[in-house]
Each structure stands twice: as C-alpha cells, then as structure tokens.
Amino acid sequence: MEQNCYILGIESSCDDTAAAVINNGKILSNVVATQKIHEEYGGVVPELASRAHQKNIVPVVHQALRKANIDKKDLKAIAFTRGPGLMGALLVGTSFSKSLALGLGIPLIDVNHMQAHILAHFIEAEGQTAPEFPFLALTISGGHTQIVKVDGYFEMEVIGQTIDDAVGEAFDKSAKILGLPYPGGPLIDKYAKEGNPKAYPFTKPKVGPMDFSFSGLKTAVLYFVERETAKNPDFIAENRADICASLQYTIVDYLMDKLKNAVKLTGINTIAIGGGVSANSGIRAALHGAEKRYGWKTHIPNFEFCTDNAAMIAIVGALKYKEGVFAMNDVVASARMKF
Ligand code: KG4
Ligand code: ZN
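Here it is, written out as structure tokens:
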C-alpha cells in the first residue's frame, strides 16, 4: 500500500454522528457525538436524530481531521455508512460524504454498517487481535442481533438473527419497565453485579437454533413486575439487583445457547463479538469461560470500536480501497441494506 493513505470514515446510521481517520489500518482519530436528546424520550426519535446529525456532522469531521493532524486535501477517499439504519439519519452522512468527495475529487466508498461492526476486529490497535478466517461473528446492539459466518473480509453469510427486537432493546425496554433511564443496558449490567442471577427464572423464547426472539422477554418482565408490585409496591426498589441479575443471566445464557448451536452446526469455534451489548460484563465473562470450557477462541474489540463509531467505517474503507472497490457518485442511502 502507498506510504500514507488517509481515509475518512463517516457514520450516521442511528443516534451517533461519528468521523474517523485511518492510515493503513491504524486509527488516527475516532470522534463520536452521541445525541443526548433521545434520553428524554426513552428511545431514538428518527426525526430528531436527522436534525442532530445535520448540526453535528461538520464539527465532528473537522475535529477528526484536526486530531489526525491532517488537512482534508490529504485524504485519499471517503468511506460512509450507506445502510442499514434510519433513512433520514443515513441521508445526512450520505449527502455530506458525496459532496465532500466530489469537492475534493477523490473516490467514495460505501459501507454496510453491519459488515463494519464485524470488520472492526481488523483495526490495528493495542488490546485487540484480528480473528482468523473462518469465524463466527455475533453482533449485538440496540439495533442488531445476528450470527454471521465470516469466510473472508467480504464473504459473509447471516446464519441467525432476531425475528423481532434486538438484544439491546430487550435490555433497554426491560430497564424502562424497572424505572431506569435510557439507555438502560449499562445500568442493568451495573445492578446485576450485586444480585442473584437465579433469583427469578425468566423463560428463554423458543425459535430456530441460531435465531433469536426478545419481545416475549420484555412482556414477561412487565407482567412479572406488575404482579409483584401489586403485592408489594416497593418490590422493584427492594429487589432491583436480583431482577437485573436474573434478567441478564437469562439473556446471556440465551446468546450463549445460540452460539453453541452455531459452533456445532458450522464446526467453526472462533467467535468475534461486536456492537454495544459487547460491553456487557456477563457476556464477556461467559465468552472467557467458553475459551476454557469448550476451547473456543474468542475476540472482543476495544470498547470504542464496539459501539457505533466511524473507525469501523474507516477500516472497511481502507480494505475496499486496497481492492479498488469504489461507489458511483449516484449511490443512495439504503435503510434495509443487506450484505
Ligand atoms: O452499538 P450501540 O452503541 O448502538 C446501536 O444500537 O447500534 O449499542 C447500544 C446498545 C444499547 O441498547 C445499550 O443499552 C446497550 O448497547 N449496552 C449494554 C451495555 N452497554 C451498552 N447492554 C448491556 N450491558 C451493557 N454493559
Ligand atoms: Zn451499530
């Protein structure tokens, strides 16, 4: 590869406006503006997300270039999230990237957000090692829950996915029922540490061996809490840690069941996780346990590359640039983009 190959990555698929600069696999800057406005609504409001992206995108890109200590004229290409995601949000990043690439006379690279979560493992950074092909990727976040068989950088097949809510939604919606603010996943994780995971049994929904369903779990939590609160109005406050620990135990156990099925069915035992829920201490501990117990090789990216970020868009940009795979200038955002 050329000596210096600066590529700008731009991410705007949901509620994070992000920009990053990569140079030959190494991230020089990784800037994220997380939109706080949604907290008041207990979830992402698409129209507000688009407006916040419009407001944030120029300062975020400026900051990414400044932190990388380069000028926009040094850029070789611009990689942007084409989809999947919220249409209005994607449009902001797509139009911005197209205009900037056109203005600078450099190529444009379209990136699939889900592939980027997986390829984030190939960022060269302290604390993470790239998985060897083939591997299984479990992408778990507020928007996604998938098991993907990965045979090469761009040879990916979705072999399991949620039929309704994403796992992050199961965390966030249950947290809301427990009166916790959005996003409640990290708080459930925090309270779970002090609780008994076996205190309350929640049933694991039955679907295909590698698929997921989370909407029933949220309803089960709602009925359970309503029933107990009718008997004792302070039930949640008095038992928060046990409820959180039991819920987290059920979710992690369910994710691990599906991974075990995927390992059995594919014969692949290298596992790489990604997405915001990878921060969960329960899933991290379960994966470490599986290394010892089943001999799996597991990979968890650094936290800044797990949640929505532009470094993962930039690494895909770098990989595609190397192969000379560029987008046409009439490329459009795609809310339901597939691999
Ligand atoms: O990848 P991400 O930042 O955004 C997308 O949804 O794409 O993931 C955010 C999700 C939220 O649902 C949040 O509650 C969840 O990740 N999350 C966690 C933890 N940290 C973040 N869920 C459980 N335990 C955590 N420690
Ligand atoms: Zn994501």
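Everything in the sequence shown is counted per the working numbering, starting at -7 for the first residue and increasing by one.
Using N, Cα and C, we set each Cβ at its ideal position, and we do this for glycine too.
These figures come from a predicted structure and were not determined experimentally.
With hydrogens ignored, establish whether the beta-carbon of Ser326 is closer than 6 angstroms to any heavy atom of the ligand ZN. Residue 326 sits at position 334 when you count from the first residue of the sequence shown. Taking the Cβ of Ser326 as the reference point, every heavy atom of the ligand ZN lies at 6 angstroms or farther away.
Any residue with its C-beta under 5 angstroms from a non-hydrogen atom of the ligand ZN counts. Can you list them all in chain order? Ser133 and Asp300
Determine the burial state of Thr290: buried for a count of at least 16 other Cβ atoms within 10 Å of its Cβ, exposed for fewer. Within the sequence shown, the letter at position 298 stands for residue 290. Under this definition Thr290 is a buried residue.
Any idea which residues DSSP pairs Phe72 with across the strands? Walking along the sequence shown from the start, residue 72 turns up at place 80. Per DSSP, Ile2 and Asp102.
Between the Cα of Leu83 and those of Asn15, Ala325 and Phe331, spot the shortest distance and give me the residue it belongs to. The residue given as residue 83 occupies position 91 in the sequence shown. Out of Asn15, Ala325 and Phe331, Ala325 has the C-alpha closest to the C-alpha of Leu83.
Please check the pair Thr131 and Val140, which I expect to be a contact at CB under 8 angstroms, by giving their CB distance rounded to whole angstroms. Position 139 of the sequence shown, counting from 1, holds the residue named residue 131. Position 148 of the sequence shown, counting from 1, holds the residue named residue 140. About 7 angstroms; that satisfies the 8 angstroms criterion.
Status (buried if at least 16 other CB within 10 Å, exposed otherwise) for Tyr215: Along the sequence shown, one-based indexing puts residue 215 at 223. With fewer than 16 other Cβ atoms within 10 Å, it is exposed.
Find the nearest neighbour of Pro293 within the set Phe72, Pro123 and Asn16, judged by alpha-carbon distance. Start at 1 with the first residue of the sequence shown, and residue 293 comes out as number 301. Pro293 has its Cα closest to that of Pro123, out of Phe72, Pro123 and Asn16.
For Ile(-1) versus Ala69, is the C-beta distance shorter than 7 angstroms? In the sequence shown, counting from the first residue as 1, residue -1 sits at position 7. In the sequence shown, counting from the first residue as 1, residue 69 sits at position 77. Against a cut-off of 7 angstroms, the Cβ pair of Ala69 and Ile(-1) comes out as a contact.
Tell me the residue span of the beta strand (DSSP E) that contains His291. Locating residue 291 in the sequence shown gives position 299, where the first residue counts as 1. In this chain, the beta strand (DSSP E) harbouring His291 covers Lys289 to His291.
Provide the residue span of the beta strand (DSSP E) that contains Thr195, from first to last. The residue you call residue 195 lines up with position 203 of the sequence shown. No beta strand (DSSP E) holds Thr195; DSSP gives it neither H nor E.
Suppose you measure from the CA of Asn253 to the CA of Thr211; what does that come to, to the nearest Å? For the purposes of this step, residue 253 is taken as residue 261 along the sequence shown, with counting starting at 1. For the purposes of this step, residue 211 is taken as residue 219 along the sequence shown, with counting starting at 1. Distance between the alpha carbons of Asn253 and Thr211: 26 angstroms.
Do you know how far the Cα of Tyr192 is from the Cα of Gln12? Taking the first residue of the sequence shown as 1, we reach residue 12 at position 20. Taking the first residue of the sequence shown as 1, we reach residue 192 at position 200. As written in the sequence, residue 12 is Ala, which differs from the Gln given in the question. Whole-angstrom Cα-Cα distance: 43 angstroms.
What residues match up with Asn15 in a beta bridge as DSSP calls it? Position 23 of the sequence shown, counted from the first residue, corresponds to residue 15. Partner(s): Tyr(-2) and Lys18.
Coil, strand or helix - Glu124 by DSSP: In the sequence shown, the residue the question calls residue 124 occupies position 132. Three-state result, Glu124: coil.
Selection from Gly274, Ala222, Asn188 and Arg328 that minimises the alpha carbon distance to Ser238: As a first step, residue 238 is located in the sequence shown; it is residue number 246 there, counting from the start. The candidate whose alpha carbon is nearest that of Ser238 is Asn188.
Check whether chain B comes within 7 angstroms of Ser270, counting only Cβ atoms and requiring the distance to be less than that. The question asks about chain B, but that chain is absent: this structure has only one protein chain.
At least three beta-carbon pairs within less than 8 angstroms, the stretch 98 to 115 to the stretch 222 to 237: no
Within the present structure, is the beta-carbon of Ala60 separated from the nearest heavy atom of the ligand KG4 by less than 6 angstroms? One-based indexing of the sequence shown puts residue 60 at position 68. Every heavy atom of the ligand KG4 is 6 angstroms or more from the Cβ of Ala60, so no.
Looking at C-alpha atoms only, which residue of Glu116, Thr9 and Phe227 is the closest neighbour of Val217? In the sequence shown, counting from the first residue as 1, residue 217 sits at position 225. Val217 has its Cα closest to that of Phe227, out of Glu116, Thr9 and Phe227.
From Thr9 to Glu116, what does the alpha carbon distance come to, in whole angstroms? Translated into the one-based positions of the sequence shown, residue 9 becomes position 17. Translated into the one-based positions of the sequence shown, residue 116 becomes position 124. The alpha-carbon atoms of Thr9 and Glu116 are separated by roughly 23 angstroms.
Alpha-carbon to alpha-carbon, Ile151 and Pro126: Within the sequence shown, residue 126 is the residue found at index 134, counting from 1. Within the sequence shown, residue 151 is the residue found at index 159, counting from 1. Cα to Cα, Pro126 sits roughly 14 angstroms from Ile151.
Which one or two residues does DSSP pair with Gly152 in a beta bridge? Walking along the sequence shown from the start, residue 152 turns up at place 160. DSSP lists Ile139 as partners of Gly152.
Taking its Cβ as the centre, do 16 or more other Cβ atoms sit within 10 Å of Gln(-5), making it buried, or is it exposed? Position 3 of the sequence shown, counted from the start, is the residue given in the question as residue -5. Counting Cβ neighbours within 10 Å, Gln(-5) comes out exposed, since fewer than 16 surround it.
Distance CB(Val36)-CB(His30) smaller than 7 angstroms: Taking the first residue of the sequence shown as 1, we reach residue 36 at position 44. Taking the first residue of the sequence shown as 1, we reach residue 30 at position 38. Contact flag set, yes.
Quick check: what's the CA-CA separation for Val213 versus Thr73? Working through the sequence shown from its first residue, we reach residue 213 at position 221. Working through the sequence shown from its first residue, we reach residue 73 at position 81. Within the model, the alpha-carbon separation for Val213 versus Thr73 is close to 35 angstroms.
For Gly208, tell me which candidate among Thr242, Lys185, Gly176 and Asp181 has the shortest Cα-Cα distance. To locate residue 208, count along the sequence shown from 1; it is residue 216. When Thr242, Lys185, Gly176 and Asp181 are compared, the shortest CA-CA separation from Gly208 is found for Thr242.
Lys165, buried or exposed, once every other Cβ within 10 Å from all chains shown has been counted against 16: For the purposes of this step, residue 165 is identified with residue 173 of the sequence shown, where counting begins at 1. When all chains shown are included, Lys165 counts as buried.
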